[in-house]
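Sequential numbering from 0 applies to the sequence shown in numbering that gives the first Met the number 0. Quick reminder that beta carbons are idealized off the backbone N, C-alpha and C, glycines included. Nothing here was measured: the structure is a model prediction, and the numbers come from that model. Worksheet for the structure shown next.
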Amino acid sequence: MVKKIKIAFADDSILQRTIIRAIVDQNNIFDLLYNCSNGQELVDQLEACTELPQVCIIDLHMPLMDGIETANRIREKFPSIKLFGYTSSIKDSEIEIFHKSGVQLIFNKTNFNIVLQEIHRFFTTNS
């Protein structure tokens, strides 16, 4: 049996959370541990969990705690977790700040299958 890549996802859009759940449920590569509606919820889940994800996919714009603050907190408390951004923003300044917060790759919200393919490629070529 292939070891699945454990992921956590944070996005304030219920549609995006539903899409990731459906896509992950249809494959045998990923295991969605946490599907959160904002960054604070994700950080709380990670602090309380018994099993950490290998990667967190974080939306840039969310209420309560945005993606930049979320990435900063996760990077400080859980440095082994890989961080990936997920946004519809096209502002270079926001993308640059997101990268500086520890996010390794940033994806546009156009096709979530591409996001998962790239994460899979990242883990298979960097492990």
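Would you decide whether residue i is buried or exposed? Buried here means 16 or more other CB atoms lie within 10 Å of its CB.
i	result
Ala47	exposed
Leu14	exposed
Asp65	buried
Ile105	buried
Pro78	exposed
Asn26	exposed
Asn34	buried
Short check: CB of residue i to CB of residue j, under 8 Å?
i	j	result
Ala9	Asn37	yes
Phe111	Ile4	no
Ser100	Ile67	yes
Tyr85	Val114	yes
Leu31	Arg20	yes
Ser87	Ile94	no
Whose C-alpha, out of the options, is nearest the C-alpha of residue i?
i	options	result
Ile73	Met61, Lys90, Val54 and Tyr85	Val54
His98	Tyr33, Arg16 and Asp58	Asp58
Phe29	Lys2, Lys90, Ile89 and Cys35	Lys2
Ile80	Ile94, Leu45, Leu63 and Val23	Leu45
When the Cα atoms are used, what is the spatial distance from residue i to residue j?
i	j	result
Gln103	Thr69	14 Å
Ile96	Leu82	14 Å
Thr109	Ser92	20 Å
Glu40	Thr124	31 Å
Lys90	Arg120	26 Å
Val23	Leu63	26 Å
Might you give, ordered along the chain, the residues of its own chain that have their beta carbon closer than 6 Å to the beta carbon of residue i, omitting 5 neighbours on each side?
i	result
Met61	Asp11, Asn37 and Gly38
Phe122	Ile4
Note down, in chain order, each residue of its chain lying with its Cβ closer than 8 Å to the Cβ of residue i, except the 5 sequence neighbours on either side.
i	result
Glu75	none
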